[in-house]
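Here's the structure we're looking at; comments come further down.
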Amino acid sequence: MLPVTLYPAFFVLFSIWHGGFALPITKIVTDICVLSAQELLDNIGDALTPDMTLQENLFKGINCTQQSVDLNTENNTPTECAPLGISCSGESKSQFNEERCMESIMKDLHHYYKILSAHPDPDRFLSTVLLRLRKLMMNCFAWTIPEDLNESSSETPSRYDDRLSLCKKMKGFQIRTITINRALGYMKSGEHNK
């Protein structure tokens, strides 16, 4: 029989070993996290602006502003990160789950990182967007960074169809980044804890 004073230590050890009893650790949204998200949004906007040098090269022959949007629908970030009392569906949200919101944001960032890093980028026009995306992931989600984060894009030239697809995905990424900025700002403000 163990002495009574060892019970708490034994319980903690068993919880760690079993893995099912450990409580999740909530990460605090920092100023640098919010700033990194804003920088990413600005950078994506610059990439999609028609009069930029990037636009002339990466999306040459494509007017991105007139294209449809290809939004990642695998994650439900807008719903998971909707503030208390607000929902896109018209139903009032009674509870905000910061952990689920952050998890959904993280999944979105990983999704778009995979897409952008896999796209041919011989002239390195996507490198600034990838750099800002990587910075946001490091500043807000460092504990979830994939090992392949430093993989570079393909060096082969892009075909028109590939660039058109990228344009649509970048527009979707811009919309999702607006949602991410709002969610991080909401969590940083502490309004969800009131």
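The sequence shown runs -22 to -1, 1 to 172 under mature numbering (1 follows the signal peptide of the UniProt record, and there is no 0).
Backbone N, C-alpha and C fix where the C-beta goes; we use that ideal spot for every residue, glycine too.
Determine whether the beta carbon atoms of residue i and residue j lie at a separation below 8 Å.
i: Ile153; j: Val47; result: yes
i: Ile10; j: Cys145; result: no
i: Gln45; j: Lys147; result: no
i: Leu62; j: Cys42; result: no
i: Phe151; j: Ile22; result: yes
Cutting at 6 Å between CB atoms, please list the residues of its own chain near residue i, excluding the five before and the five after it.
i: Leu19; result: Thr155, Asn159
i: Asn117; result: Ile10, Cys11, Ser14
i: Ala161; result: Cys59, Cys79
i: Lys85; result: Asn53
i: Arg110; result: Glu17, Leu18, Asn21
i: Leu142; result: Ile40
Enumerate in chain order the residues of its own chain whose CB-to-CB distance from residue i is below 8 Å, with the five nearest sequence positions on each side excluded.
i: His89; result: Asn50, Glu52, Asn53
i: Asp140; result: His97, Pro98
From the options, pick the residue whose C-alpha is nearest to that of residue i; which is it?
i: Val107; options: Phe119, Cys79, Cys118, Leu94; result: Leu94
i: Lys38; options: Asp86, Ala15, Tyr138, Ile10; result: Tyr138
i: Thr8; options: Met80, Lys172, Ser136, Met148; result: Met80
i: Ser136; options: Asn171, Phe74, His97; result: His97
i: Lys172; options: Gln73, Asp99, Ile6; result: Gln73
So, at 7 Å on beta carbons, what are the nonlocal neighbours of residue i in its own chain, with the 5 sequence-adjacent residues on each side left out?
i: Leu114; result: Ser14, Ala15, Leu18, Leu87
Can you say whether residue i is buried or exposed, counting buried as having 16 or more other CB atoms within 10 angstroms of its CB?
i: Lys92; result: exposed
i: Glu58; result: buried
i: Ser82; result: buried
i: Tyr164; result: buried
i: Ser167; result: exposed
i: Leu104; result: buried
Grouping DSSP H, G and I as helix and E and B as strand, with all else coil, what is residue i?
i: Ser14; result: helix
i: Gly150; result: helix
i: Asn54; result: coil
i: Ile6; result: coil
i: Gly163; result: helix
i: Phe119; result: helix
i: Asp20; result: helix
i: Glu169; result: helix
i: Val107; result: helix
i: Gln73; result: coil
Indicate, with yes or no, if the ligand FMN has a heavy atom lying under 7 Å from the CB of residue i.
i: Ile6; result: The ligand FMN is absent from the structure shown, which contains no ligands of any kind.
Could you tell me whether any Cβ in chain C is nearer than 8 Å to the Cβ of residue i?
i: Leu111; result: No chain C appears in this structure, which consists of one protein chain only.
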